[in-house]
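K.L.:
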Amino acid sequence: MSNAELALLLLILGCAAMRGAGLLVAGRLRTDHPFVRWAAAVSLATLTAFVLAAVVAPGGILAEIPLAARGAGLTASVSILFWRGGLALPVLGGLAVTLALAALFNA
0 MSNAELALLL LILGCAAMRG AGLLVAGRLR TDHPFVRWAA AVSLATLTAF VLAAVVAPGG
60 ILAEIPLAAR GAGLTASVSI LFWRGGLALP VLGGLAVTLA LAALFNA
């Protein structure tokens, strides 16, 4: 087993253990319990890290879009989300800004 496979296996086992622990205590804790707040903070931080990694250092064809266009698209999405709410409008607005700026930069 290579180091990468071992790391992946340990990650899977750790995630499964945390999920199992969460299921065991989920019904016993109030929503304002410190453990629940900690778990929510960790999950939000993880999601933030994944989004930031996807914007700053993407793989595949997205890597061909300039960083400024990706950043502007993310900024537009978050702005529309706070302004109007919902999901479709922020996603479509951010995508439109990203594609428009990518076309301008590559023209």
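Quick note: the sequence shown uses numbering that gives the first Met the number 0, first residue 0, plus one each step. We put the CB at the ideal spot given by N, CA and C, even for glycine.
Look up residue 83 in the DSSP assignment and say whether it is helix, strand or coil.
P.N.:
As a first step, residue 83 must be located in the sequence shown, where it is residue number 84. Reduced to three states, the DSSP call for residue 83 is helix.
K.L.:
Go ahead and pull the three-state DSSP assignment for residue 119.
P.N.:
Since the first and last residues shown for the chain are 0 and 106, residue 119 lies out of range.
K.L.:
If we call anything under 7 Å between Cβ atoms a contact, is residue 65 one with residue 34?
P.N.:
Taking the first residue of the sequence shown as 1, we reach residue 65 at position 66. Taking the first residue of the sequence shown as 1, we reach residue 34 at position 35. Result no, Cβ atoms of residue 65 and residue 34 do not sit closer than 7 Å.
K.L.:
What does a CB cutoff of less than 8 Å around residue 31 pick up in its chain, not counting 5 residues either side in sequence?
P.N.:
The count along the sequence shown starts at 1 and reaches residue 31 at position 32. Nothing meets the Cβ criterion.
K.L.:
Ignore the nearest five residues each way along the sequence and tell me which others in residue 21's own chain have a CB closer than 8 Å to its CB.
P.N.:
In the sequence shown, the residue the question calls residue 21 occupies position 22. 38, listed in sequence order.
K.L.:
Of the residues 60, 17, 77, which one's Cα is nearest the Cα of residue 93?
P.N.:
The residue given as residue 93 occupies position 94 in the sequence shown. Of the listed residues, the one whose Cα sits closest to residue 93 is 77.
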